[in-house]
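> Chains as they are written, first to last, in the working numbering: chain A, 1223 to 1320; chain B, -17 to 75. We put the CB at the ideal spot given by N, CA and C, even for glycine. In this text the structure is predicted, and so the values were computed from the model without any measurement. Structure in C-alpha cells, see below.
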C-alpha cells in the first residue's frame, strides 16, 4: 500500500454505471518521509476518509477486494486513515499534531 | 516475491474492517546486490516482523491471502524472515 493525502474529490455524473455511487477522492502521493510527490490518484473511499486526511490506498486488483469495490472497474481504494507512522522509532507523521 | 528491510511501523485505527489486528509496517525493497531499490511502501505483516528485519514480501492480490481474512484490500504483505540470502556469490542483508 502507499501513503497519500486526500486533497480533493472527483464528481462524475456520466461514468461507467458499474462504478455506482461510490465516493471518488483525489489523493496526492506522499513518500515515507511525508514529502508530497507530484503524483495523484483517484481512489474509491472505503473507510469514510475526507479531504485533509492522510490515508493508505491499495492499487491493482487488490483494490476490488472490499464489499464496496467488488466487481467495479476500480484499481485504487482508500483502505485506512493514517494516525501515525515512524521510521526507525522516530515519528514522521502524527495526525494529532498536523 | 521480493526482498526488503523493515524500516518502520504505521498505525491506522480507522481502517477496513477485515484488517483489524493486522500490523502495518514500512518496508524498503532490496535488490539482488543488497542495495535499496524502489520506494518505501506499506505492507501487512503476516509474521511478527519488526523494524530492522530482513524479510521476504509479496505484492499484488496474493498479498491478501497472507492476511487472516483474505477478502481485504491489501497489495503487499510480509510473509517471511530471511536468515540467509546469497546472490552473485555474495551474502545479502
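1) Just checking: is the beta-carbon of residue 21/B within a distance shorter than 8 angstroms of some beta-carbon in chain A?
2) The beta strand (DSSP E) that contains residue -16/B, what's its start and end?
3) Under 9 angstroms Cβ-Cβ, which residues of chain B neighbour residue 1261/A?
4) Can you give, in chain order, each stretch of the alpha helix (DSSP H) that sits fully within the region 1237 to 1276 of chain A and has at least 4 residues?
5) Return the first residue and the last residue of the beta strand (DSSP E) that residue 39/B is part of.
6) Answer with yes or no whether the minimum CB distance from residue 1287/A to chain B is below 8 angstroms.
7) Residues of the region 1277 to 1304 of chain A in Cβ contact with chain B at a cutoff of 7 angstroms, in chain order, please.
8) Do residue -12/B and residue 7/B have their CB atoms nearer than 8 angstroms?
9) Could you tell me the alpha carbon to alpha carbon distance between residue -14/B and residue 37/B, rounded to whole angstroms?
10) Which chain B residues sit within Cβ distance under 9 angstroms of residue 1254/A?
Per the coordinate set shown:
1) Chain A contact via Cβ: present.
2) Note, residue -16/B: beta strand (DSSP E), -16 to -7.
3) Listed along chain B is no residue with a C-beta nearer than 9 angstroms to that of residue 1261/A; the closest approach is about 10 angstroms.
4) Under the rule that a run must span 4 or more residues, no alpha helix (DSSP H) segment is found entirely inside the region 1237 to 1276 of chain A.
5) Here the beta strand (DSSP E) through residue 39/B covers 36 to 41.
6) Yes, contact with chain B.
7) Listed in sequence order: 1278, 1280, 1281, 1282, 1283, 1284, 1285, 1287, 1288, 1299, 1301, 1302, 1303, 1304.
8) If you check the CB distance, residue -12/B and residue 7/B come in under 8 angstroms.
9) Those two C-alpha atoms are separated by around 5 angstroms.
10) By Cβ distance, chain B contributes -11, -10, 8, 10, 21, 22, 23, 24.
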